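Q: Quick one: this structure, given as structure tokens, is what I'll be asking you about.
Numbering (the numbering used here), first residue to last: 579 to 757.
Quick look at the structure:
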């Protein structure tokens, strides 16, 4: 709670039920309703709860994870040295595992030496991007890459300002991303 308050964030108490076998139906229904209310409020007021930085990090991480996994599946689907011999569910989970861990801790479940050149280039791009700002993974960070992409996109469109999620990205933040 204190850390959330210090960082200017809203504290969300965890929804944990200890001794669930002894909880009455009414208490369980009250907890479920409290969780539904909390999720509804979060959806209704997400702009208030999530800063632009958080939104860029979450959106960028989701795009990198999904696009990276799709790329790995595309490039390695029939490669017998990596995903080719695995069943479909194992191909999917190994692709997701590779993409997430490439940006953070570097663990692997398939032989990186057997990757195609396309997968290696994608892996290098993911490692260059790295993890989120508060993470311990290396790279230039997801938010920095997102700011750079948005700045280039605004420049290509001829917009004087850079915007993301209905908010303006200040020129100072753009300069920091370029530095």
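Quick reminder that beta carbons are idealized off the backbone N, C-alpha and C, glycines included. As the structure is a computational prediction, the values presented were derived from the model and not from experiment.
With a cut-off of 8 Å on the beta carbons, I'd call residue 721 and residue 638 a contact; round off their distance for me.
A: With 8 Å as the limit, residue 721 and residue 638 qualify as a contact, their Cβ atoms being about 7 Å apart.
Q: So is residue 676 buried or exposed if we call it buried at 16+ other beta carbons inside 10 Å?
A: The residue is buried, with at least 16 neighbouring Cβ atoms inside 10 Å.
Q: If you follow the alpha helix (DSSP H) that residue 677 is part of, which residue opens it and which one closes it?
A: Run containing residue 677: 666-681, per the alpha helix (DSSP H) assignment.
Q: Mind checking who residue 741 pairs with in its DSSP beta bridge?
A: Partner(s): 746.
Q: Compare the C-alpha of residue 642 against each of 741, 702, 747 and name the closest.
A: Residue 702 is the option with its Cα nearest to residue 642.
Q: Tell me the residue span of the alpha helix (DSSP H) that contains residue 687.
A: Run containing residue 687: none; DSSP gives neither H nor E here.
Q: Since residue 708 contacts residue 681 with CB under 8 Å, what's their CB separation in whole angstroms?
A: Their Cβ separation, rounded to whole angstroms, is 6 Å, which keeps residue 708 and residue 681 in contact under 8 Å.
Q: Tell me the DSSP secondary structure of residue 638 in three-state form.
A: Helix.
Q: Taking the CB atoms as reference points, tell me whether residue 654 and residue 697 lie closer together than 7 Å.
A: Taking 7 Å as the Cβ cut-off, residue 654 and residue 697 qualify as a contacting pair.
Q: Considering just the uninterrupted stretch of the alpha helix (DSSP H) at residue 617, what are its terminal residues?
A: Residues 603-622.
Q: Beta-carbon within less than 7 Å of residue 713's beta-carbon, same chain only, minus the 5 sequence neighbours each way: which residues are those?
A: Taken in chain order, the residues that qualify are 682.
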